[in-house]
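**Student:** My questions will all concern the structure given below.
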Amino acid sequence: MFSVNPLRHVWVVDDDPLMHEVWFAAIGEDQEFELKLFHSGAEVINALEETSGPQLLVIDMNLSDTSGDQLLQELRNLPNFHRTAVIICSANLSSYNDEAGTTLPPIGWMKKPLNLISIKNQIRTFWREIG
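Take the sequence shown: its position 47, counted from the start at 1, is 47 in the UniProt record's numbering, and no numbers get skipped.
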């Protein structure tokens, strides 16, 4: 008898439609993952009101409606999201302020520009870290 691994729920918040295409091409059709793409922090907050949320969230630092730091802080204050694994994605990782007051820091960082192979490899590596 074999067991089937449950889907790994990954949400990505990025306001760049091209990045949505890249994420979908990288893991959107992978049967291990259920990928949901969001254009804004507000969309993610609204989605969390209707569901328990993802197991892994990737946040772009430069969203049009909020900064990644602000979104992470707001999400960390929600009871269902307190322990969700987060990856920060940015072209300039040195600007990430890990003293932003978040309850739990992100588990990792991804540097833009991203490519299909690096996304797959990094997501699988991060997944091993969160179990």
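All C-beta atoms in this analysis are idealised placements derived from N, C-alpha and C, irrespective of residue type, glycine included.
Identify every residue that forms a DSSP beta bridge with residue 133.
**Tutor:** Missing from the structure shown is residue 133; the chain here goes from 1 to 131 and no further.
**Student:** Identify, in the order they occur along the chain, each residue of the same chain with its Cβ nearer than 6 Å to the Cβ of L35, setting aside the five sequence neighbours on each side.
**Tutor:** So the qualifying residues of the chain are V10, I27 and G28.
**Student:** How long is the line joining the alpha carbons of F38 and L78, rounded to whole angstroms?
**Tutor:** Those two C-alpha atoms are separated by around 18 Å.
**Student:** Just curious, the beta strand (DSSP E) that D69 is in, first and last residue?
**Tutor:** It is not in any beta strand (DSSP E) - D69 instead sits in the alpha helix (DSSP H) that spans G68 to R76.
**Student:** Since I87 contacts M110 with CB under 8 Å, what's their CB separation in whole angstroms?
**Tutor:** Confirmed, about 6 Å.
**Student:** For H20, which option in L48, D60 and D69 has the closest C-alpha, if you only look at C-alpha atoms?
**Tutor:** Closest option to H20, Cα to Cα, is D60.
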